[in-house]
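Asks:
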Amino acid sequence: MTQSSAPASAEVAGYAIRLGDDALILSHRLSEWSAHAPQIEEDIALANIALDLLGQARSLLTYGGSFSGRSEDDLAYLREERQFTNLQLAELENGTFAVTMVRQLLFSCYQHELYRDLESSRDAQLAAIAAKAVKEVAYHVEHASTWILRLGDGTELSHDRTQAALEGVWPYSHEMFADDELARRIADLGVGPLPSGLRPAWLGTVQGILTEATLTLPDDDWKPTGGRAGLHTEGFGYLLAEMQHLHRSHPGARW
Amino acid sequence: MDATRQQADFDALIASDGRVEPRDWMPEGYRKTLIRQIAQHAHSEIIGMQPEGNWITRAPSLRRKAILLAKVQDEAGHGLYLYSAAETLGMSREEMLDLLHAGRQRYSSIFNYPTPTWADVAAIGWLVDGAAITNQVPLTRCSYGPYARAMIRICKEESFHQRQGFESLMQLSNGTPEQHEMAQDAINRWWWPSLMMFGPPDDDSPNSAQSTAWGIKRFSNDELRQRFVDICVPQAETLGLTLPDPDLVWNAERGHYDYGVIDWTEFQQVLKGNGPCNRQRIATRRRAHDDGAWVREAAAAYAAKQQAATVTEAA
Amino acid sequence: MSTALTPLWEVFVRPARGTNHVHVGSLHAADATLALQNARDLYTRRNEGVSIWVVRSADITASSPEEKDSFFEPSADKPYRHPTFYTIPEGVEHL
Numbered sequence: 024m025t026q027s028s029a030p031a032s033a034e035v036a037g038y039a040i041r042l043g044d045d046a047l048i049l050s051h052r053l054s055e056w057s058a059h060a061p062q063i064e065e066d067i068a069l070a071n072i073a074l075d076l077l078g079q080a081r082s083l084l085t086y087g088g089s090f091s092g093r094s095e096d097d098l099a100y101l102r103e104e105r106q107f108t109n110l111q112l113a114e115l116e117n118g119t120f121a122v123t124m125v126r127q128l129l130f131s132c133y134q135h136e137l138y139r140d141l142e143s144s145r146d147a148q149l150a151a152i153a154a155k156a157v158k159e160v161a162y163h164v165e166h167a168s169t170w171i172l173r174l175g176d177g178t179e180l181s182h183d184r185t186q187a188a189l190e191g192v193w194p195y196s197h198e199m200f201a202d203d204e205l206a207r208r209i210a211d212l213g214v215g216p217l218p219s220g221l222r223p224a225w226l227g228t229v230q231g232i233l234t235e236a237t238l239t240l241p242d243d244d245w246k247p248t249g250g251r252a253g254l255h256t257e258g259f260g261y262l263l264a265e266m267q268h269l270h271r272s273h274p275g276a277r278w
Numbered sequence: 679m680d681a682t683r684q685q686a687d688f689d690a691l692i693a694s695d696g697r698v699e700p701r702d703w704m705p706e707g708y709r710k711t712l713i714r715q716i717a718q719h720a721h722s723e724i725i726g727m728q729p730e731g732n733w734i735t736r737a738p739s740l741r742r743k744a745i746l747l748a749k750v751q752d753e754a755g756h757g758l759y760l761y762s763a764a765e766t767l768g769m770s771r772e773e774m775l776d777l778l779h780a781g782r783q784r785y786s787s788i789f790n791y792p793t794p795t796w797a798d799v800a801a802i803g804w805l806v807d808g809a810a811i812t813n814q815v816p817l818t819r820c821s822y823g824p825y826a827r828a829m830i831r832i833c834k835e836e837s838f839h840q841r842q843g844f845e846s847l848m849q850l851s852n853g854t855p856e857q858h859e860m861a862q863d864a865i866n867r868w869w870w871p872s873l874m875m876f877g878p879p880d881d882d883s884p885n886s887a888q889s890t891a892w893g894i895k896r897f898s899n900d901e902l903r904q905r906f907v908d909i910c911v912p913q914a915e916t917l918g919l920t921l922p923d924p925d926l927v928w929n930a931e932r933g934h935y936d937y938g939v940i941d942w943t944e945f946q947q948v949l950k951g952n953g954p955c956n957r958q959r960i961a962t963r964r965r966a967h968d969d970g971a972w973v974r975e976a977a978a979a980y981a982a983k984q985q986a987a988t989v990t991e992a993a
Numbered sequence: 005m006s007t008a009l010t011p012l013w014e015v016f017v018r019p020a021r022g023t024n025h026v027h028v029g030s031l032h033a034a035d036a037t038l039a040l041q042n043a044r045d046l047y048t049r050r051n052e053g054v055s056i057w058v059v060r061s062a063d064i065t066a067s068s069p070e071e072k073d074s075f076f077e078p079s080a081d082k083p084y085r086h087p088t089f090y091t092i093p094e095g096v097e098h099l
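Residue numbers (the working numbering), protein chains in the order written: chain A, 24 to 278; chain B, 679 to 993; chain C, 5 to 99.
The following block contains the structure:
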């Protein structure tokens, strides 16, 4: 992956890396579905989304890493739990197909708002990455919406399972719109949108789909957070152990 | 149109190397043989996702992860193209999956071997996909139209699969001593099973003659196996890896490589269900299918509701 | 599980502007939206198409004058000559 230039500052690099981490970790979760999806057509669809996200991750991590001379693989395989800055939402376990689709709907709708805004970023590289990604993510939103409608308004069993999935995943959605110091700085620089600013449009879209799917927005005060600061769920360590083990077992080796 | 005329037309079509299409009259044996063969091929692609998919989450670089994800995704796609071709002959995908789960339809026995190391994925790419391509290219000229067309589509996508396996093995063989050893160990375990992929020796193959007469089979098992060996030997040299056969030697008189005796008892055991992974492969497949039933039912229920609503609207 | 649960759809793809839609194969899906979604993933993964049509196999009326079928068979207007594609009423056995 050739880059025309490195990020202008450590902040911009850090921002690219956190977006890259989101895509990397969610891609990893989706890839776990391989050979296990509810029908073969979904094996293909989920792999498609996983590949799109992995491509975004590679672009973002390569760009962000270049500021400190680290490659995409250095970032993916040689950082530890407290150094990853992805949202906790991205690392949630797949659970049932309902959990996976709810997670996808909430995340992809957010990514769509994010990338649409990033297309006019002052950082040319991020703008370019976003321009390509926004088309991919539009499809991810469509795919997730299609399934949420069918799962919510399908059978009684599918409705109950999807409502339960929504209750479980919803609390993790708040972190997507939390403004921390880096986020505020990035917004001031005109490099990226303020996360909280993305929520109204996101909520409008999500609410519309959930209502049509006969699902109810959870009424929940709990807002877990910490991913952006490197504080992750207990399951995250296991994800990294699996992902990194082979690479770390052969230090310096090329594949 | 009477039966003798139908048979004569069919025979003439085959003799002129034409294509039989779904609405043509065909002998029942031809139809049954094709269903069995195409279904087996489709099942192989789907089951094959498991041994390779085993390493997606542990792929040691992001590039390799992307390549492997794409490859396994292609395999799912190939399975679907093939189910689609088989369905034109009158068996539904649901029926074929039921027969697979019940052990009454088969898949290639090669996928009953485990992938205990990363190098196994590379070895599968080079050897198993290589053998599959050797088998598949002639099938692009199979007499049954839908099968031939599916094979053309598959072969176009397949070339990337074998190349990535070879490239990965090159990297391993020329990498650290541990990587080289991993690669050599994988070759040692995959070479002979890959040769068995071409099926029993010609004189042990009762169905071959009829399949050849029907234009389904274009070359014999031994011919294809020999072709594969001849291609692999120089490639192994390029890789810097040794094929585990001390009897492999160039025979100038024949113009081919001589190779050692295959242990067909192992093949028979794996075919019978006693390979290392037979039970696991089917169990995984069934679990995915059973666990996904509620999702498929939800989609059907939603579709039914939408259709009912359209009817009510129109009324 | 009966065939009616996830019906069969035929897929047609127009590979580029200025060309015709071409039949590329079939797939199973509960409804048209899913069929289109699946067709995109299955048949245009390598950007092989600008337009996709999906049609229920059961909705196709076919004739194939060069194929040697009997025009007197009841299945004469279906794309495939075998019985799988016709909805069998519940409870009818041995069909």
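Positions of the beta carbon are idealized from the N, C-alpha and C atoms, including for glycine.
Quick caveat: nothing in here was measured; it's all calculated off a predicted structure.
Output yes if chain B places a C-beta closer than 7 Å to the C-beta of E204 (chain A); else output no.
Replies: no
Asks: Report all residues from its chain with a CB closer than 7 Å to the CB of L31 (chain C); omit the five preceding and five following residues, and keep chain order.
Replies: W13, V15, A39, N42, A43 and L46
Asks: Alpha carbon to alpha carbon, how far is E165 (chain A) from S131 (chain A)?
Replies: 9 Å
Asks: Whose C-beta lies closer than 6 Å to the C-beta of F76 (chain C) among residues of the same chain, with five residues either side of it excluded?
Replies: Residue placement at F76 (chain C) is flagged as unreliable, the pLDDT there being 45, under the threshold of 50; the coordinate-derived value follows with that caveat. For F76 (chain C), where only same-chain residues beyond five positions count, there are no Cβ hits under 6 Å.
Asks: Going along chain C, which residues have a C-beta under 7 Å from Q783 (chain B)?
Replies: Contact of Q783 (chain B) with chain C by beta-carbon distance below 7 Å is absent, the smallest such distance being about 16 Å.
Asks: Tell me where the alpha helix (DSSP H) around F994 (chain B) begins and ends.
Replies: The structure shown does not extend to residue 994 (chain B), since chain B spans only 679 to 993, so no value can be given for it.
Asks: Is L279 (chain A) buried or exposed, if buried means 16 or more other CB atoms sit within 10 Å of its CB?
Replies: Nothing about residue 279 (chain A) can be read from this structure; chain A reaches only from 24 to 278.
Asks: Kindly list, in the order they appear in chain A, the residues whose Cβ is closer than 9 Å to that of I788 (chain B).
Replies: Here the premise fails: no neighbours, minimum Cβ distance about 16 Å.
Asks: From the DSSP output, which residues share a beta bridge with E723 (chain B)?
Replies: Answer is none; E723 (chain B) lacks a bridge partner.
Asks: Taking P924 (chain B) as the reference, which of B:A930, B:V939, B:P912 and B:C910 has the closest Cα?
Replies: B:V939
Asks: Can you tell me whether DSSP reads L137 (chain A) as helix, strand or coil?
Replies: helix
Asks: Counting only runs of 3+ residues fully inside the region 8–38 of chain C, write out the beta strand (DSSP E) ranges in chain order.
Replies: DSSP runs (the beta strand (DSSP E)) wholly in the region 8–38 of chain C: 12–18 and 26–32.
Asks: Mapping DSSP to helix, strand and coil, what is H659 (chain B)?
Replies: Outside the shown range of chain B (679 to 993) lies residue 659 (chain B), about which nothing can therefore be said.
Asks: Looking at the strands, I want to know which residues DSSP matches up with I64 (chain C).
Replies: Per DSSP, none; premise fails for I64 (chain C).
Asks: For D936 (chain B), which of helix, strand or coil comes out of DSSP?
Replies: strand
Asks: Could you tell me the distance, in whole angstroms, from the CA atom of G175 (chain A) to the CA atom of A981 (chain B)?
Replies: Cα to Cα, the separation comes out at about 13 Å.
Asks: Can you give me the Cβ contacts of V815 (chain B) inside the same chain, cut-off strictly under 7 Å, excluding the 5 residues immediately before and after it?
Replies: C833
Asks: Could you confirm whether any beta carbon from chain A is found closer than 7 Å to the beta carbon of T48 (chain C)?
Replies: Not an interface residue.
Asks: At the level of alpha carbons, what is the spacing between G808 (chain B) and R905 (chain B)?
Replies: 11 Å
Asks: Classify N952 (chain B) as helix, strand or coil using the three-state DSSP reduction.
Replies: Of the three classes helix, strand and coil, the one that applies to N952 (chain B) here is helix, per DSSP.
Asks: Looking at chain B, is there any beta carbon in it that lies within less than 7 Å of the beta carbon of S30 (chain C)?
Replies: Closer than 7 Å to some Cβ of chain B, the Cβ of S30 (chain C) qualifies, so yes.
Asks: Is the shortest distance between the beta-carbon of Y935 (chain B) and the beta-carbons of chain C less than 7 Å?
Replies: no
Asks: When you compare the region 885–905 of chain B with the region 782–793 of chain B, are there three or more beta-carbon pairs, one atom per stretch, that lie closer than 8 Å?
Replies: Segments in contact, no.
Asks: If you draw a straight line from the C-alpha of A68 (chain A) to the C-alpha of Q62 (chain A), how long is it?
Replies: 10 Å
Asks: Given G95 (chain C), which residues of its chain have a CB within under 8 Å of its CB, disregarding the five upstream and five downstream residues?
Replies: Caution applies to G95 (chain C), whose pLDDT of 45 falls short of 50 and renders its modelled position unreliable; the value that the coordinates give is listed next. Within the same chain, G95 (chain C) has no close Cβ partners at all.
Asks: For L12 (chain C), which residues in chain A fall below 8 Å Cβ to Cβ?
Replies: Simply none; closest approach about 13 Å.
Asks: With burial defined as no fewer than 16 other Cβ atoms inside 10 Å of the residue's Cβ, what is the status of V989 (chain B): buried or exposed?
Replies: Counting every other CB atom within 10 Å of its CB across the protein chains shown gives V989 (chain B) a total below 16, marking it as exposed.
Asks: Nearest chain B C-beta to D35 (chain C) closer than 7 Å, yes or no?
Replies: yes
Asks: As a quick exercise: from A:A276, A:R126 and A:W56, pick the residue whose alpha carbon is nearest that of H858 (chain B).
Replies: Closest option to H858 (chain B), judged by alpha-carbon separation, among A:A276, A:R126 and A:W56: A:A276.
Asks: Start and end of the alpha helix (DSSP H) containing V160 (chain A)?
Replies: First-last of the alpha helix (DSSP H) with V160 (chain A): A147 to G175.
Asks: Below 8 Å on the Cβ atoms is my guess for W796 (chain B) versus W733 (chain B); work out the distance and round it to an integer in Å.
Replies: 6 Å
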